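Be aware that the sequence shown starts at 54, since it is given in the working numbering, and climbs by one per residue.
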Amino acid sequence: MMRRLALILFAGLALVLVVATGLAIAGVWPWIDLPVMWDGVHVAQAGMLTQIGLTIFAVSLCFFLPTNARILQLENSHRQFSVGVDDITRAYHAAHHADRDGVFTLGDAFESTRDRLAHLRDHPDLGTLEPELLELAAKMSHISRDLAETYSTEKVERARSFLTQRQFEIAQFNDRLEQAKAIHGEFSTWINRLDLEENVARAQLERLLDEMERLLPELNQPAKPSKVTQLPMRVE
């Protein structure tokens, strides 16, 4: 906006200089009077030369105004295009979200586009958009209806619930696995302690038997035959 205003002011100034110089040449207006001194000498017609030079300079710069105007036009077009793309994107998201919720019924391209266009026109946030933008967003939504059906809200929620359940089951499994690891560690320690106690008891028993063999060697000798004669039993 400021650049456009500056261009207008400069063009107006150039026009004023051209008119003033033309009228001065025609003798209608006087030339600019500038008392200029150069090396102590008064420069004659310094105002006229200055006015003519400024006029030529301003007219020369006016040749660049069309280029600046085209640049401004391109910037405005780009800005309008950006705004249009944002509006189309917003409208398409609204139509696609409604399509994922199952708002629109199946039909041919004309009916599908018409239903989407009617939905966008009734949308509270999109009613001020241009009809061409809404129609383009409706056509884009119709083209992507297969995608909306594949990733519908119901299917996405069902998949999300399934994944949540799987995550819960995995968490439960990990908890049980940790419990099993703890029980295994406890039993391993217990078994090792029992083996150690059993080995200690066996060693004590062997040492006790060795001491008994050393103290009582006759326990391991065979019994000697008896010399007592057994009398026959009397039979009555």
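Note that the Cβ used here is the ideal one computed from N, Cα and C, for glycine as well.
All of these numbers come straight from a predicted model, not from anything done at the bench.
Taking Gly65 as reference, the option from Trp91, His237, Thr108 and Pro83 with the minimal CA-CA separation is Thr108. The beta carbons of Val112 and Ala77 sit no closer together than 8 Å. Here DSSP, grouped into helix, strand and coil, assigns Trp82 to coil.
Looking at the backbone, the Cα of Ala254 and that of Ala224 are separated by about 45 Å. When the Cα atoms are used, Leu216 and Glu231 turn out to be separated by approximately 22 Å. Within the model, the alpha-carbon separation for Gln218 versus Arg211 is close to 11 Å. Rounded to whole angstroms, Trp82 and Leu70 show a C-alpha spacing of 12 Å.
Shown here for Trp84: same chain residues with a beta carbon closer than 8 Å to its own, the five before and five after excluded, namely Ala77, Gln98, Gly100, Met101 and Gln104 in chain order.
If you draw a straight line from the Cα of Glu259 to the Cα of Glu266, it comes to about 11 Å. In this structure, the alpha-carbon of Val209 lies about 27 Å from that of Asn227.
A straight line joining the alpha-carbon of Thr142 with that of Glu207 spans about 23 Å.
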